[in-house]
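K.L.:
In my numbering, each number is its position in the sequence shown, counted from 1, plus 71. Handing you this structure, nothing more for now.
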Amino acid sequence: MKPPRDPDLELRGKLVRSLGSLREMLPGSFVERKRACGRPNCHCADGKRLHSQFQISVLIDGKPKALNIPADWAETVREKIEMRRRFDTAAATICGLNLKRFLKEKEERQV
Ligand SMILES: [Zn+2]
């Protein structure tokens with residue numbers, strides 16, 4: 072006989088299996104800044120069509136650093152930082168499910 076379905080365990084299993092796809096995650100936050108380059112003939116001189124400058128803010132050896140990211144790499148790096156957010160969300164959900172199970176078991180032990 073199959074054990075009864077437990078939606079919490081199914082969700083936990085699904086989340087745990089999804090973590091492998093987040094293995095390239097990076098810490099920090101991704102920042103896109105708009106700036107003028109200063110060349111008078113550039114399109115950015117109108118103050119509207121500014122250049123995008125990409126950076127990540129990250130702690131390195133405990134110190135905050137802002138690292139410039141070339142435009143052709145920006146989307147990849149942005150996704151890696153987004154993976155960290157999804158990892159944290161999944162971890163919080165897993166902990167929440169486990170806490171619920173723990174509290175239930177604790178109650179049962181005290182009967
Ligand atoms: Zn410019």
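Ideal Cβ placement from N, Cα and C applies to all residues, glycine included. Note that the structure is predicted; figures quoted are calculated from it, not measured.
Can you check DSSP and say which residues form a bridge with SER100?
P.N.:
Bridge partners of SER100: SER128.
K.L.:
Check whether the segment 107-114 and the segment 74-90 are in contact - that is, three or more C-beta pairs closer than 8 Å.
P.N.:
No contact exists between the segment 107-114 and the segment 74-90.
K.L.:
Under 8 Å Cβ to Cβ from LYS139, same chain only, skipping five residues before and after it: list those, please.
P.N.:
For the record, residue 139 in the displayed sequence is Asn; it is not Lys. Same-chain partners within the cutoff: GLN124, PHE125, GLN126.
K.L.:
If you draw a straight line from the C-alpha of LYS136 to the C-alpha of LYS105, how long is it?
P.N.:
Between LYS136 and LYS105, the C-alpha separation is close to 19 Å.
K.L.:
Straight-line CA distance for CYS166 to TRP144?
P.N.:
Taking the straight line from one Cα to the other gives about 34 Å.
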